[in-house]
Amino acid sequence: MVLYTSPFPNSFLSVLHSLSWALIFPCYWLADRLVGSFVPTTYEKRQRADDPCCFHALCVALSTPIYLALLAASLPFALLGFLLWSPLQSARRPYIYSRLKDKHRANGAALLTEWKAAGSGKSFCFGSANVCLLPDSLARFNNVFNTQARAKEIGRRIHNGASRPQIKIYIDSPTNTSISAASFSSLASPQGGESTNRTVNAGIKRTTSMEYKGDNSGSNNSEEREDKGGSGEPNEGEENTCIVRINGEDNDHMSDTEADTGNGQARASGPAEPSPEGDAEISKTPNHKQKEGDSGSLDSCSASRESLVKVRVGDGTVDQSTVNNKLLYKASVMKKTSVRKKKHTDETFDHEISAFFPANLDFLCLQEVFDKRAAEKLKEQLHHYFEYIVYDVGVYSCHGCCSFKFVNSGLLFASRYPVLDAAYHCYPNGRGMDSLASKGALFLKVQVGSTPQDQRIVGYISCTHLQAIAGDTTIRCEQLDMLQDWLSEFRKSTSSSSTANPEELVAFDVLCGDLNFDNCSSDDKLEQQHSLFTHYKDPCRLGPGEDKPWAIGTLLDPEGLYDEEVCTPDNLQKVLESEEGRKGYLVYPTSKNHSSSQKGRKASLKGNGRRIDYMLYTEEGLYLEWKVEVEEFSFITQLAGLTDHLPVAMRLVVSTGEDDP
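The opening position of the sequence shown corresponds to residue -1 in the working numbering, with each subsequent residue numbered one higher.
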């Protein structure tokens, strides 16, 4: 299948489309500004609290006639542009495929050589988020604004969070049965110019994330690494993984901290004092220097629970034989997840509320990227980390759907691995405001490796956004039926092998997106019992109508987005870790006994909030000799203040049946 790198098959149609949009845009922009001036957000209301009440009203009164006059003057040109734009949509392609052109930062082909499916498994990390990048006037109804600036900041936060080195801290202690807050999933900040083969001090300093910019944040990164004598060493995937192991014994044994950073190892040992938290001391030293950026960005001076940690060189030497006696695991290929201790001992994988996107994020699915200018800004930021991006997905006008579509589907997909095939389908049964957008499903096939026999190893990823209007249960169930049919058709149409002669091996099949129903609301019983959940597994779900105790809602109360308690990733993380905090800032399942207002509600509510953003996976249709397991699941607060949804992430481990090295 040919991937479409431009929206139209030839440059002539592209020029006509650009001309038509140039005629439409002034009217569109003026209308957006006019409506937006009458829909202030809570943030703007607070900013104006100290100003005279009449000042803003005066500004609106003066600007409204100007906007109306300019809008009336631009309408004839907009009408002419619309008459040219609408028929062009019949020739428009359903998506745009963008590949990073900078060869210094492109590494997708190199990633394929990392896994030959021999001797070990491999993990893949998936993320999903609803980013609410609507036209500014519409976004304000969700209490967010400045869509263009938010798009750039969202992309910056995602690539900064995902491009950090990955460090896993394991605590083995006879007196501690859970991972401590400070060491659950911290990150290492490499020191430029220092050798990677070094000893480290037992104290680990917590710092802000801006002390590490990410390996992919600049185009000259690979050149700088070559100047330092590090050419030829991979800097992505497993090579960005750092493992720290902390062991404690009841007797007078030593406490060990081991780190594997790239090709080097670091560790420290020394006498340890027995304590309930294990025998390792982790010092928490937040950086108090305020840097640029809003309070919710990665420039925040607050250190989070999942912070970057700086490994420092200690005095003295360490016996290398003791290092070799320890078993180091690469987190990105480790499948024995039971080694790590968890808060819920009956769970088979790790789960957390994280202030950062997972390190080494491989695939990202976004919803509500409706604004085309915002999509371009977001794409440019994501290309700092993801080499392959599919965006501007959907149809316009009457092409391909039953009703007229003013905006696209809002879906965007980003990947570190090459995309082989892509397909999009539009839901024909949208109703109300949702019928104006070409909501649908995007299906993708990616290559993630190859076998020693040169068989391709592939994975399938699907991203969707269902009907949003409350009470439209029947419509959502119909869309889930269509989604399953389209999934099956896409698998069949893109498969290049048979059971008798497999030319490619399927490693995973993941479905994610905003399904607009939760697993606790009584009004969503039909969706909860849909057959989709018999084929795909939900890591957060116990059964229809019941989530696991640690699962939380992903829909934030819009009225509280800019409260000081939740306006930064660190603050939002802390609030969501408490039941009372969740009751104040998450939207809960609808109930006849409670009003729709969430703010200040303290009554006993079912579940931990409305979880409408899903990450599902299946074991059906995969290579029979392999096994897929969830290694960790995260609810992410890094986009605090930028959207009214919590992103989610899931790391899957594909086990090949061989023992890990």
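The beta carbon of each residue, even a glycine, is placed where N, CA and C say it ideally should be. Predicted, not measured: the structure shown is a model, and the values here were computed from it.
Its Cα nearest to that of Phe354, the residue Arg154 stands out among Arg154, Thr62 and Pro556.
The three-state reading of DSSP puts Arg429 in coil, since its state is none of H, G, I, E or B. Considered as a whole, the stretch 482 to 536 harbours 523 to 526 and 530 to 533 as its complete alpha helix (DSSP H) runs of no fewer than 4 residues, in chain order. Closest option to Leu584, judged by alpha-carbon separation, among Pro542, Arg91, Ser401 and Ala549: Ala549. Counting of Cβ neighbours within 10 angstroms places Arg429 among the exposed residues, the total staying below 16.
Cβ-Cβ distances below 6 angstroms link Leu364 to Ala127, Val129 and Leu410 in the same chain, with the five nearest sequence neighbours on each side left out; the list follows chain order. The DSSP-derived three-state label of Asp555 is coil. By the Cβ neighbour-count rule, Ala373 is buried, with 16 or more other Cβ atoms within 10 Å of its own. Proximity to Tyr621 across Ser493, Ser576 and Leu644 peaks at Ser493, based on C-alpha coordinates. Between Tyr2 and Tyr65, the C-beta gap is not smaller than 7 angstroms, which leaves the two residues out of contact. Within a 10 Å sphere around the beta-carbon of Gly438 sit 16 or more other beta-carbons, which makes this residue buried.
Beta-bridge partners of Leu584 (DSSP): Leu554.
Counting along the chain, Gln445 sits inside the beta strand (DSSP E) bounded by residues Gly438 to Ser448. Asp100 sits exposed, since fewer than 16 C-beta atoms from the chains shown fall within 10 Å of its C-beta. Going by C-alpha positions, Gly541 is about 52 angstroms away from Leu77. Contact between the stretch 565 to 576 and the stretch 522 to 542 is absent: fewer than three C-beta pairs spanning the two stretches fall below 8 angstroms. A direct Cα-to-Cα measurement between Ala29 and Leu464 gives close to 28 angstroms.
Under the DSSP assignment, Asn569 falls in the alpha helix (DSSP H) whose first and last residues are Pro567 to Leu574. A distance below 7 angstroms between beta-carbons, with the five flanking residues on each side excluded, links Leu11 to the following residues of its chain, in chain order: Leu86 and Ala89.
Note: Val58 is not bridge-paired with any residue in the DSSP secondary-structure output. Across the set Arg608, Glu112 and Cys123, the C-alpha of Cys123 shows the shortest separation from the C-alpha of Glu630. Here Cys396 carries a coil assignment [DSSP, helix/strand/coil]. By the Cβ rule, the stretch 129 to 145 does not count as touching the stretch 470 to 483, because fewer than three pairs are nearer than 8 angstroms.
Listed in chain order, the non-local C-beta contacts of Tyr394 below 6 angstroms within the same chain comprise Gln87 and Lys403, local neighbours out to five positions each way being set aside.
For Ser161 and Leu359, the gap between their C-alpha atoms comes out near 8 angstroms. The Cβ neighbour count for Lys443, taken over all protein chains shown within 10 Å, is at least 16; the residue is labelled buried.
Under DSSP, Asp419 shares a beta bridge with Lys443.
The count of Cβ pairs closer than 8 angstroms, one atom from the stretch 136 to 150 and one from the stretch 29 to 38, reaches three, so the stretches are in contact. If you look at Ala357, you'll find it isn't in any alpha helix (DSSP H); DSSP assigns it neither H nor E. At a Cβ-Cβ threshold of 7 angstroms, Gly159 and Thr654 do not count as neighbours. Assignment of alpha helix (DSSP H) within the stretch 24 to 96, counting only whole runs of 4 or more residues, yields 40 to 45 and 51 to 86 in chain order.
Residue environment for Pro450: exposed (fewer than 16 other C-beta atoms within 10 angstroms of its C-beta). Following the DSSP letters along the chain, one finds Leu376 inside the alpha helix (DSSP H) bounded by residues Lys370 to Leu380. Listed as beta-bridge partners of Cys424 by DSSP are Gly438. Beta-bridge pairing by DSSP links Arg454 to Ser448 and Glu502.
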